Every structure is written in structure tokens, then in C-alpha cells.
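Visitor: One structure coming up, written as C-alpha cells, with questions to follow.
Structure (C-alpha cells):
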């Protein structure tokens, strides 16, 4: 993903540096960045309080912290709920808590002078039917991929059926393509 992002930025004529790092222990000095961004990423780190401290630490005073995080009420929250019926609990706080306004205020609020939280919709739009979307997610989306890998053949078939039903119920397109709206929380904070 880091390599693809770098290639895309270069193709767009943008000067950007992409690095893979541990969101709980970022390898950057204090106040290194004017803008710190996590789009559907840091929410998956197992210790969210460490993540919040790191986001605040590396952002300059007056700088911006921006996040997009799936909500528990939205489609992806339902997808996670479906998958969780088939796997053992991870022992970490639910990633979708980053999509809860009160939780974000608690985690980041003390380090911010301003905080804007807006629920928005992301459009999943695939040129193939829900059954193929499930296969795409099985192959390429970490949480779904790991769930399938942990199950025997019967469990995989049952999970596949439940996910196909979930995608089909939420599909706003015809039978040969899939269009689903998924709610996320847009987080924009100004570092104190």
C-alpha cells in the first residue's frame, strides 16, 4: 500500500513521502509534522491510547490531525460484527470505537484546541456482484482475510454466505454490480 501510494502521488505531481511505521510508537521527533493523517488505518492498532498520544506528539502546535474511522452503526461496523461471530475475540478494543464521537473526544480532546467530528458516507462501488465482492474482501481486506484463514471449510462457507447476504441487502445497484454506502467519522483536530 505504501508503494502504491508513493507511485500515485508521483503520478499526480505531488511531493510526498510515505513510510510504514508502528502507530503506537512513531519513529519521528516531537512536533515533526504540520498535518498528521490516518485514513482507516490507526484505528486498527491494538492500543488506541498509545496511538492517540503518538498522533498528538508528532503534530506541531496549531497543526492538523485528520482521521477517517469506520463507525459501529455503518456498513463496515456491521461487516465487522458479522465476521466477529466466526472468530475468537482479539482482546483489543473494537477498532470502530474510533468512529464514536465521545471516544474520540476522550482519546484526543485534551491535546486539541479544536475538534470537528462529522459523519460521512464512503461509497463502495464494484463492477461485480456481491458474491465477487466477498471474494475480493477475502483475498485483500485484512480482517476478512484473517477470518477466512482461521476457519475450516464449513465455517468458511457459512461466513461467505452471511457476508454475501450482508452485501446483497445493502447493495443499491443491480445484480451485476455492487454499490454500498458505508458510514465513517471524519475527525479534524487542531493541536493545542
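Numbering (the numbering used here), first residue to last: 124 to 315. All residues carry an ideal CB built from backbone N, CA and C; glycine is no exception. These figures come from a predicted structure and were not determined experimentally.
Might you give, ordered along the chain, the residues of its own chain that have their beta carbon closer than 8 Å to the beta carbon of residue 307, omitting 5 neighbours on each side?
Guide: Same-chain partners within the cutoff: 163, 191, 192, 193, 194, 197, 199, 222, 242, 243, 244 and 245.
Visitor: Assign residue 318 to one of two classes, buried (16 or more other C-beta atoms within 10 Å of its C-beta) or exposed (fewer than that).
Guide: In the structure displayed, the chain extends from 124 to 315; residue 318 sits before or after that span and is not available.
Visitor: Fully enclosed by the stretch 177-210, which beta strand (DSSP E) runs are 3 residues long or longer?
Guide: Entirely contained in the stretch 177-210, the beta strand (DSSP E) runs reaching 3 residues are, in chain order, 182-193.
Visitor: For residue 263, report the span of its alpha helix (DSSP H) as first-last.
Guide: Start and end: 253-263.
Visitor: Check residue 273 in the structure and name its three-state DSSP category.
Guide: Residue 273: coil per DSSP, three-state reduction.
Visitor: Might you give, ordered along the chain, the residues of its own chain that have their beta carbon closer than 8 Å to the beta carbon of residue 184, omitting 5 neighbours on each side?
Guide: Contacts found: 154, 314 and 315.
Visitor: Determine contact between the stretch 222-240 and the stretch 255-262, defined as no fewer than three beta-carbon pairs at a distance below 8 Å.
Guide: No, the stretch 222-240 is not in contact with the stretch 255-262.
Visitor: Under the DSSP definition of a beta bridge, which residues are partnered with residue 156?
Guide: Beta-bridge pairing links residue 156 to 182.
Visitor: Once the 5 residues before and after residue 128 are set aside, which same chain residues still bring their CB inside 7 Å of it?
Guide: The residues are 141.
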